[in-house]
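Sequential numbering from 102 applies to the sequence shown in our numbering. Here is the structure we will look at.
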Amino acid sequence: MKTSKIGTRPISPDIARSITRDNPASLSPDTTRSITRDSLISVGLYATPIVLLFATCWITGQRPWLHGPAKPVLTFLGPVLTNLSSWGLPAITLAVGLAEFLFGLYDRRWTKNEKILDAVCFVGSKVLIRPAVVYFTLRALPWLLPDQKGVFAWVPFWWGFFIIAVADDLTQYWYHRLHHQVPWLWRFHRTHHSAPYMGMSMASRQNIIYTVFFSQIYLTAALTYLGLGEAALLVTAVKSLITLAAHSSIAWDKPFYRYRVLRPVAWVLERLISTPATHHAHHADSNDDGIGHYKGNFGNMFFLWDVIFGTGIITRKYPSGYGIKHYQQEEWYAQFLWPIFKSRKTGSELSRGGPIVGDAVLAPSHAHDALTPLSHTHDAVITPSHAHLAENNFQPSSTENEQENFSGAVAGHSAVLS
């Protein structure tokens with residue numbers, strides 16, 4: 102009898118179908134509760150920069166909305182950031198990717214199929230899809246929001262930067278997290294995690310549907326239309342550099358852990374933004390070694406969201422392997438264009454009628470059919486029951502060999518990064 106695999110132990114197709122198709126959108130009670138709880142907290146986080154802006158205006162007696170558009174700040178940096186956002190970042194990606202290749206950091210895992218997939222995703226995303234989405238979004242906004250163009254142009258630059266940085270990255274955190282925790286969404290994000298290596302070549306590796314509906318694109322375009330374009334430009338540049346650096350196979354964060362004088366900086370840095378160590382853990386092919394953490398570390402620019410919501414781990418170590426244990430090296434076109442084109446690999450998640458196994462939540466009655474813990478089968482994030490970790494493990498590591506699991510109490514629940 103042919104079998105499909107979840108993790109490392111084969112299960113029959115009938116059981117795989119009963120797990121994933123009877124109720125493909127089902128979530129475990131713990132995951133449902135954590136999503137609901139964290140969504141409510143997110144409302145407060147979205148509102149925080151706006152509340153602080155008006156509170157500051159009230160305290161100081163300033164009324165910037167009465168004085169017209171705010172003065173430009175990036176007068177000399179504007180062209181630089183514009184070029185950076187258009188052709189500069191792709192150029193940086195290619196240059197660093199070439200350096201990684203020359204240093205042999207891709208090893209033999211970069212097969213012909215992987216190379217084609219990485220190249221198609223890079224060109225499709227950076228050159229075709231995202232520019233087209235931004236163009237049509239900006240064309241649609243005057244119809245959707247008539248007479249609202251530039252309505253927030255009065256917002257001072259740094260307040261605009263603060264508002265957009267929170268709104269943009271928190272929205273992407275949720276977009277990313279839901280594609281891991283909602284079973285039927287996983288296959289749209291699976292392409293990014295199938296790469297058995299880290300580096301510039303796979304940083305833009307995404308399924309076309311994931312890219313087209315990428316929430317950040319629409320949000321940034323809308324805020325630009327409403328008058329926050331200058332701040333949006335800087336946020337986009339800073340965020341892109343941070344996320345690219347986090348995907349790099351060059352471990353630039355290791356000196357911060359190695360030298361005692363830099364450890365206080367490391368303690369702040371790894372909790373504020375994504376670093377190679379924390380984001381590489383998210384791409385690990387195992388969750389069993391205390392280093393890999395594909396069940397969390399969802400943050401893109403800010404690791405802070407994982408700290409707040411309890412979805413992450415910091416170890417200052419790098420996983421020994423990347424990708425997905427049950428990866429069948431599906432055809433590049435299937436990974437990029439699923440479900441428009443499907444894989445011919447039998448039992449693949451991307452094949453016609455294939456099971457949803459990557460981030461599926463096993464029903465209790467089927468738990469005995471797979472090894473525990475499962476390889477790349479996500480079920481829940483760190484829950485309030487782990488709140489005791491906050492007091493026991495919140496001290497920074499003094500050596501690279503110490504693992505740090507930490508939680509930050511927010512609204513009475515634990516908080517760690519993805």
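We put the CB at the ideal spot given by N, CA and C, even for glycine.
With a threshold of 7 Å on Cβ separation, who are the neighbours of residue i within its own chain once the five nearest residues in sequence on each side are excluded?
{"i": "VAL221", "result": "TRP433 and PHE437"}
{"i": "PRO474", "result": "No answer about PRO474 holds up, because its pLDDT of 31 lies below 50 and its placement is not dependable."}
{"i": "SER295", "result": "GLY424, ILE425, TYR428 and GLN436"}
{"i": "ALA481", "result": "With a pLDDT of 33 at ALA481, under the threshold of 50, the predicted position of this residue should be treated as unreliable, and no value is reported."}
{"i": "GLY169", "result": "TRP255"}
{"i": "PHE289", "result": "HIS280, ASN308, ILE310 and TYR311"}
{"i": "ASN124", "result": "Any reading at ASN124 is ruled out, since the residue's pLDDT is 44, under 50, leaving its predicted position unreliable."}
{"i": "LEU286", "result": "LEU279 and HIS280"}
{"i": "SER466", "result": "Only weak support exists for where SER466 lies, its pLDDT of 36 falling under 50; the coordinates are left without a value."}
{"i": "GLN317", "result": "ASP269, THR272 and GLN273"}
{"i": "ALA352", "result": "PRO377 and TYR419"}
{"i": "PHE223", "result": "SER305"}
Near residue i, what residues of its chain come up, given a Cβ to Cβ distance below 6 Å and the 5 sequence neighbours on each side ignored?
{"i": "THR161", "result": "none"}
{"i": "HIS380", "result": "ALA347"}
{"i": "GLY455", "result": "SER449"}
{"i": "LYS418", "result": "ILE392"}
{"i": "GLY225", "result": "none"}
{"i": "PHE442", "result": "TYR434 and ALA435"}
{"i": "LEU246", "result": "none"}
{"i": "GLU501", "result": "In this prediction, GLU501 has a pLDDT of 38, which is less than 50 and means its spatial position is unreliable; nothing more can be read from the coordinates."}
{"i": "ARG453", "result": "LYS443"}
So what does residue i bridge to, in DSSP terms?
{"i": "TYR423", "result": "ALA385"}
{"i": "SER129", "result": "Paired residues: none, contrary to the question."}
{"i": "PHE403", "result": "ILE374"}
{"i": "SER143", "result": "Bridge partners of SER143: none, in fact."}
{"i": "SER452", "result": "SER444"}
How about residue i and residue j: are their beta carbons less than 8 Å apart?
{"i": "ALA382", "j": "ILE392", "result": "yes"}
{"i": "PHE404", "j": "ARG372", "result": "yes"}
{"i": "THR344", "j": "ASN401", "result": "yes"}
{"i": "ASP219", "j": "MET303", "result": "yes"}
{"i": "ALA385", "j": "GLY413", "result": "no"}
{"i": "ALA323", "j": "LEU242", "result": "yes"}
{"i": "GLU175", "j": "LEU335", "result": "The residue asked about is misnamed: residue 175 is Leu in this sequence, not Glu. A contact, by the Cβ cut-off of 8 Å."}
{"i": "ILE264", "j": "ILE409", "result": "no"}
{"i": "THR149", "j": "VAL235", "result": "no"}
{"i": "PRO297", "j": "ARG210", "result": "yes"}
Keeping to the same chain, check which residues put their C-beta closer than 8 Å to that of residue i; ignore five residues upstream and five downstream.
{"i": "ALA171", "result": "PRO165, ALA254, TRP255, VAL256, PRO257, PHE258 and GLY261"}
{"i": "LEU239", "result": "ALA322, THR325 and TYR326"}
{"i": "LYS340", "result": "ALA266, ASP269, ASP270, ASN401 and MET402"}
{"i": "THR212", "result": "GLN430"}
### Message
Ignoring anything shorter than 3 residues, give me the beta strand (DSSP E) runs that lie fully in the stretch 311-393, in order along the chain.
### Response
Within the stretch 311-393, no complete beta strand (DSSP E) run reaches 3 residues.
### Task
For the stretch 229-244 and the stretch 311-330, state whether three or more C-beta atom pairs, one from each stretch, are separated by less than 8 Å.
yes
### Query
At a cut of 8 Å, does the stretch 267-281 reach the stretch 240-255 through at least three beta carbon pairs?
no
### Message
Tell me whether the stretch 354-372 and the stretch 325-333 touch, counting them as touching only if at least three CB pairs, one residue from each stretch, are closer than 8 Å.
### Response
Taking 8 Å as the limit for Cβ pairs, the verdict is that the stretch 325-333 does not touch the stretch 354-372.
### Message
Closer than 8 Å is the cut-off here; do at least three beta carbon pairs connect the stretch 137-155 with the stretch 259-273?
### Response
In short, these stretches touch, since the Cβ pair count reaches three.
### Query
In chain order, which beta strand (DSSP E) runs of at least 3 residues are fully inside the stretch 225-294?
If we require 3 residues or more, the stretch 225-294 turns out to have no beta strand (DSSP E) run fully inside it.
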